[in-house]
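Undergrad:
Residue numbers (this note's numbering): 3 to 186.
1. Where does residue 128 sit, in a helix, a strand or coil, going by DSSP?
2. Rounding to the nearest angstrom, what Cα-Cα distance links residue 174 and residue 129 in this structure?
3. If you measure between the beta carbons of residue 26 and residue 34, is that distance less than 8 Å?
4. Whole angstroms is fine: what's the gap from residue 21's alpha carbon to residue 108's?
5. Can residue 24 and residue 76 be called in contact, C-beta distance under 8 Å?
6. Output the residue ranges of the alpha helix (DSSP H) runs that lie fully inside the stretch 81-131 and measure 4 residues or longer, sorted by chain position.
7. Just the C-alpha distance for residue 65 and residue 57, rounded to the nearest angstrom, thanks.
8. Judging by CA-CA distance, which residue of 6, 49, 19 and 80 is the nearest neighbour of residue 131?
9. Output needed for residue 169: all residues of its chain with C-beta closer than 7 Å, excluding positions within five of it in sequence on either side, in chain order.
10. Residues bridged to residue 173 by DSSP?
11. Taking all protein chains shown into account, do 16 or more other C-beta atoms lie within 10 angstroms of the C-beta of residue 154, making it buried, or fewer, making it exposed?
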């Protein structure tokens, strides 16, 4: 019991923002966390990668069902590449992305894999720059702004791999959408 308390105390002193959940504040009010994805569905916003989290069924609490971005149930799907459920879900995700982003499809943009696959936690707050670029035509049309302005925003918001070599380039969806709202 002493060790966890000591680690928590040290983390709170050395990394107070991270220990507090890396909350994102707008006008002094929390709107989310940089560490946990949120489900944006409006055509005016960038959409995150799918979530594999679940929660209690609202009709029958003895059962569980999909509950996207449920931080209390962080877990991957554990579905393998031969799983019919996984193939069906990815196929449905591809169809939905094509329907939501017809202009991107017309331009011949490939659907990035991160927009149809879940992360290991099911709560990934980031998408790839390619995932963001795929969504630009839809967002530009919904907001009546030039695509080039959104591409510039994506460039500014892209985070490089840690130390230049660890991980992939990524963009935090919440931060990107907040920056999009701040565009004039």
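Every residue gets a Cβ at the ideal spot worked out from N, C-alpha and C, and that includes glycine.
TA: Result, derived from the coordinates:
1. Along the chain shown, read from residue 1 onward, the residue named residue 128 stands at position 126. Residue 128: strand per DSSP, three-state reduction.
2. Taking the chain shown and counting its residues from 1, one reaches residue 174 at position 172. Taking the chain shown and counting its residues from 1, one reaches residue 129 at position 127. Spanning the two alpha carbons is a distance of roughly 7 Å.
3. Here the question's residue 26 lines up with position 24 in the chain shown. Here the question's residue 34 lines up with position 32 in the chain shown. Cβ atoms of residue 26 and residue 34: closer than 8 Å.
4. For the purposes of this step, residue 21 is identified with residue 19 of the chain shown, where counting begins at 1. For the purposes of this step, residue 108 is identified with residue 106 of the chain shown, where counting begins at 1. Near 45 Å, if we compare the C-alpha coordinates of residue 108 and residue 21.
5. Within the chain shown, residue 24 is the residue found at index 22, counting from 1. Within the chain shown, residue 76 is the residue found at index 74, counting from 1. Between residue 24 and residue 76, the C-beta gap is not smaller than 8 Å, which leaves the two residues out of contact.
6. 86-102 and 104-108
7. What you label residue 65 is simply residue 63 of the chain shown in a count that begins at 1. What you label residue 57 is simply residue 55 of the chain shown in a count that begins at 1. C-alpha separation (whole angstroms): 8 Å.
8. Mapped onto the chain shown, residue 131 falls at position 129. The candidate whose alpha carbon is nearest that of residue 131 is 49.
9. Mapped onto the chain shown, residue 169 falls at position 167. Around residue 169: 163.
10. Here residue 173 is taken as the residue at index 171 of the chain shown, counted from 1. Secondary-structure assignment with DSSP links residue 173 through a beta bridge to 129.
11. For the purposes of this step, residue 154 is taken as residue 152 along the chain shown, with counting starting at 1. Its Cβ having fewer than 16 others within 10 Å, residue 154 is exposed.
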